[in-house]
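Every letter in the first sequence is one number past the one before it in UniProt numbering, and letter 20, counting from 1, is 20. Cβ atoms here follow ideal geometry from the backbone N, Cα and C, with glycine treated the same way. Predicted model, so just to flag it, every value in this text is computed and none were measured. Heads up: the structure comes next, in structure tokens.
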Amino acid sequence: MDKTDTPAKRSKPGKRPTISDVARLAGVAPAIVSRALSPQRRPVSAEKKERVLKAADELGYRQNPLARGLATQSIDLVAIIINHMTDLSDLDLFDSLLDGVQMLGKQAIMIRVGSNQRIDEFLRNSLSYHVHAAVVFSDFADAGEVRELFHSDNVLMLNGRFDAQSHYITIDEDSGIRDLIRFARSRGVSSAALLTGRSSSIVEQTRIAAYRSACAIEGIEIQREISGDYSYQSGLEADFGAATPDAVFCTSDTMAMGVMDQLRAQGKHPPRDYSLFGFDAIERGNFGAYDISSVGFDRADFIQAILSFLQEPEAFPETGLCIPTRYIARSTG
DNA sequence: CCAACCGATACCTTAGCGTT
DNA sequence: AACGCTAAGGTATCGGTTGG
1 MDKTDTPAKR SKPGKRPTIS DVARLAGVAP AIVSRALSPQ RRPVSAEKKE
51 RVLKAADELG YRQNPLARGL ATQSIDLVAI IINHMTDLSD LDLFDSLLDG
101 VQMLGKQAIM IRVGSNQRID EFLRNSLSYH VHAAVVFSDF ADAGEVRELF
151 HSDNVLMLNG RFDAQSHYIT IDEDSGIRDL IRFARSRGVS SAALLTGRSS
201 SIVEQTRIAA YRSACAIEGI EIQREISGDY SYQSGLEADF GAATPDAVFC
251 TSDTMAMGVM DQLRAQGKHP PRDYSLFGFD AIERGNFGAY DISSVGFDRA
301 DFIQAILSFL QEPEAFPETG LCIPTRYIAR STG
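Laid out in structure tokens, this is it:
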């Protein structure tokens with residue numbers, strides 16, 4: 001009697017079939033099934049491979065990624081580390097990114113760091129996967145930290161905190177902001193308020209510096225710099241003082257929406273009474289009532305760059321990638 | 001008798017090695 | 001080259017033991 005056909009080893013009815021079930025049906029050892037189904041070229045005769053494929057199909061066998069990860073110490077899991085997902089522009093971006101990751105046959109795990117400054121402790125307690133790769137949006141993490149935490153060298157930094165060993169994509173915000181300020185000046189803007197996000201972030205610091213420098217070059221006076229937090233609420237509550245400036249520059253579209261509603265309540269409408277500029281260029285179709293002039297980059301290019309990294313990290317340019325931004329004219333400018 | 005603790009085992013797959 | 005056996009990987013759970 002075939003010793004692999006003991007009742008004890010047969011999986012329970014209703015349970016998802018395992019590699020052993022396939023092996024039993026195909027009349028081969030489990031290791032042969034593993035090889036036959038492996039994407040790598042491993043020695044299996046054509047005849048047995050065929051039997052395995054037929055048996056797997058018949059049973060509806062699906063590989064168990066967790067068990068596979070247990071055996072290989074790696075898993076086709078991509079960790080995406082974000083601060084939070086409250087900004088409207090995040091929805092577009094992450095939806096497309098998750099779609100792309102899944103199209104590559106990988107799964108994504110999103111880790112929300114929130115405002116937790118102690119990312120190290122946070123991640124250590126929440127996760128010990130050896131992931132295939134990590135994509136870092138959150139600016140609370142630096143490259144070395146992430147490599148260590150996820151036991152992976154495939155770390156893509158999108159937050160500016162990369163080091164010599166890491167892969168990174170940066171967004172050239174300067175180009176789009178200069179376009180925007182130049183445009184504003186051409187429309188007669190001479191003074192403005194700047195509503196910023198969390199200024200502890202490196203990306204935000206760079207962004208703020210770009211606004212200041214472009215305004216200085218074009219001769220626009222930043223009368224007021226207001227510290228917000230990217231949220232609609234912080235736009236709604238931003239204090240512009242007695243006189244509304246010619247223009248309001250916001251470092252996120254969501255804050256610009258808040259500003260628009262705040263000033264609308266005072267009977268002021270852009271672009272008639274002031275010019276309003278956001279940042280991120282959220283999909284206009286989703287928020288028709290807020291057709292805010294903005295700075296943005298090509299999301300498809302950005303996503304494609306991330307996916308190319310996930311597909312072949314070794315081939316990713318060592319010098320990193322830079323995605324340019326541009327001014328996107330809509331109706332509030 | 002019960003709680004606390006500890007070691008053994010099951011889970012599933014694959015890498016590595018020895019055999020045919 | 002093809003094949004099959006075995007160990008290993010991390011964690012939850014089970015079962016047994018110990019101490020109070």
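Between which two residues does the alpha helix (DSSP H) carrying residue i extend?
i	result
Leu-77	It is not in any alpha helix (DSSP H) - Leu-77 instead sits in the beta strand (DSSP E) that spans 75–82.
Asp-172	Asp-172 -> not in any alpha helix (DSSP H); beta strand (DSSP E) instead, spanning 167–172.
Val-259	253–264
Glu-218	202–218
In this structure, how does DSSP classify residue i when only helix, strand and coil are distinguished?
i	result
Leu-93	helix
Gln-107	strand
Glu-237	coil
Phe-140	coil
Gln-223	strand
Phe-183	helix
Val-155	strand
Ala-243	coil
Val-113	coil
Ile-177	helix
Rounded to whole angstroms, what is the Cα-Cα separation between residue i and residue j?
i	j	result
Arg-35	His-84	41 Å
Ile-82	Phe-137	5 Å
Leu-70	Ile-177	48 Å
Gln-165	Asp-142	12 Å
Arg-330	Tyr-290	10 Å
Ala-300	Asp-163	26 Å
Val-44	Leu-53	12 Å
Arg-10	Ser-74	With a pLDDT of 47 at Arg-10, under the threshold of 50, the modelled position of that residue is not reliable, and the figure given next carries that caveat. So the two alpha carbons sit approximately 28 Å from each other.
Gln-233	Ser-294	19 Å
Between the options, which lies nearest to residue i when the distance is taken from Cα to Cα?
i	options	result
Asp-21	Leu-59, Ala-209, Ile-202, Ser-191	Leu-59
Gly-228	Tyr-61, Ser-200, Ile-220	Ser-200
Leu-195	Ile-202, Met-157, Val-259, Asp-179	Val-259
Leu-310	Leu-53, Lys-49, Leu-91, Met-103	Met-103
Asp-261	Met-157, Asp-153, Leu-236	Leu-236
Ile-202	Arg-161, Ala-242, Ser-294, Ala-192	Arg-161
Arg-212	Lys-49, Ile-181, Val-189	Ile-181
Ser-275	Phe-297, Thr-254, Asp-298, Cys-250	Cys-250
Ile-111	Gly-105, Ile-80, Ser-74, Ser-186	Ile-80
If contacts are defined as beta-carbon pairs under 8 Å, then residue i and residue j qualify, I think. What distance do you get, rounded to the angstrom?
i	j	result
Ala-23	Pro-17	Actually they are not in contact, since the Cβ atoms of Ala-23 and Pro-17 sit about 10 Å apart, beyond 8 Å.
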